[in-house]
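As structure tokens, the structure follows; a few thoughts come after it.
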Ligand code: AHM
Ligand code: MG
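Numbering (the working numbering), first residue to last: 1 to 334.
Structure below.
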């Protein structure tokens, strides 16, 4: 029988091989992975579990919270509070950071997450996911919001779970990107996509084209060229996909290449893009770079940006290196 590597085995081997994966970080990743299993189980129940629809509340960004947004947030908080590996958590669904309650031991890590990404797809049975990022706290028991405001290059682990036709966990600890599929019978994550790579070139792009009239000129220039296909400057055809769940769109990019874009636009200069830097863009940028791709905000490498606020937004261009470099160059030339 072919040997199957589970997430636990992979992490232990990684700990032995690189010496860069401390035991408490390994345990923290396992707890997050376990929480994702529970979220995936709730997602799969849908209307039968009474989990669809709105929760009747708004989050800090003024977005209507779905019941599953709230449930997923609670699952992640509860699962991670007592393990002793964390100093604090931060979530898309919480305005302030969530310190570890004093009855539990404190650890040295900070966990950030978007508990359920792709909220608009929850009720229509389209892939959604959980995104997470792990940093080290420089301040131990005195952790504050300021402790979280570190550039993405400081991440020690990042990943996502995608709840789609299969439930998958895609993870980096800074030594490449590995994909695990949930074996529902055994309840374990099995390594199925080792060392995922993003090809440098692609013929596929992802952007919400309904915003085209609001784009800045470099984005319009780039997308117009893609749309002109073989008849235009590029001399070849490009295909478009937009799932509207970042997790699912980025999973496609990590699987077969592509460029994913959520640009800033002319509507609101105070809003540089829609996606959140610390728990959406940074973890996805870390994964993409680890898989050989690139990630910028049009001007800067995303992981070099030092955040000023926990819920800061950023423009995102990520995926196949040559396309990300091209659209970034168009911003330089503008
Ligand atoms: P969410 O975290 O509230 O779900 O919002 C983020 C999502 C991303 O998953 C996705 O790429 C984007 O919003 C889709 O936006 P739009 O509805 O503008 O296409
Ligand atoms: Mg999100």
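By construction, the Cβ of each residue, glycine as well, lies at the ideal position given by its N, Cα and C atoms.
Please list, in chain order, all residues of the same chain as residue i whose beta carbon is under 8 Å from its beta carbon, the five residues on each side excluded.
i	result
residue 109	24, 25, 28, 85, 86, 87, 134, 135, 136, 137 and 156
residue 63	119
residue 262	207, 208, 246, 273, 274, 275, 315 and 316
residue 53	66, 67 and 123
residue 289	295 and 303
residue 91	73, 76, 77, 98, 112, 113, 114, 115 and 279
The alpha helix (DSSP H) with residue i in it runs from where to where?
i	result
residue 142	Premise fails: residue 142 is in no alpha helix (DSSP H) and is neither H nor E.
residue 40	23-45
residue 334	No alpha helix (DSSP H) holds residue 334; DSSP gives it neither H nor E.
residue 246	246-256
residue 225	217-228
For residue i, report the span of its beta strand (DSSP E) as first-last.
i	result
residue 66	64-66
residue 10	Here residue 10 belongs to no beta strand (DSSP E); instead the alpha helix (DSSP H) covers 7-18.
residue 130	128-136
residue 56	54-58
residue 286	First-last for residue 286: 282-290, but that is the alpha helix (DSSP H), not the beta strand (DSSP E).
residue 191	188-193
residue 104	Looking at the DSSP string, residue 104 is not in any beta strand (DSSP E), and its letter there is neither H nor E.
residue 172	167-172
Which same chain residues, not among the five before or five after residue i, have their C-beta less than 6 Å away from its C-beta?
i	result
residue 283	131, 133 and 158
residue 173	21 and 157
residue 264	272, 273 and 315
residue 83	31
residue 217	334
residue 336	Past the boundaries of the shown model lies residue 336; the chain is included only from 1 to 334, so the question cannot be answered.
Measuring alpha carbon to alpha carbon, tell me which residue in the options is nearest residue i.
i	options	result
residue 8	181, 80 and 219	181
residue 15	321, 212 and 175	175
residue 106	89, 249, 114 and 51	89
residue 34	179, 150 and 75	75
residue 70	103, 101 and 114	114
residue 211	230, 237, 229 and 242	242
residue 299	292, 288 and 318	318
residue 267	215, 295 and 91	215
residue 147	285, 233, 112 and 129	112
residue 183	195, 177 and 163	163
residue 323	12, 309, 81 and 238	238
residue 38	197, 153, 116 and 93	116
residue 73	103, 40 and 102	40
residue 260	198, 178 and 97	198
residue 103	81, 92, 228 and 97	81
residue 256	231, 293, 127 and 93	293
residue 153	56, 127, 249 and 277	277
residue 4	139, 101, 332 and 194	194
residue 286	151, 231, 224 and 223	151
residue 10	100, 269 and 178	178
Using C-beta distances below 7 Å, list every residue in its chain close to residue i, excluding the 5 sequence neighbours before and after it, in chain order.
i	result
residue 221	330
residue 95	60
residue 58	64 and 65
residue 201	320 and 322
Three or more C-beta pairs under 8 Å: does that hold for the stretch 325-334 against the stretch 149-168? no
Counting pairs of Cβ atoms below 8 Å between the stretch 41-52 and the stretch 139-146, do you hit three or more? no
Residues whose Cβ lies closer than 5 Å to any heavy atom of ligand 1, in chain order: 117, 118, 119, 208, 244, 245 and 246
Do the stretch 182-193 and the stretch 293-312 make contact, defined as three or more Cβ pairs closer than 8 Å? no
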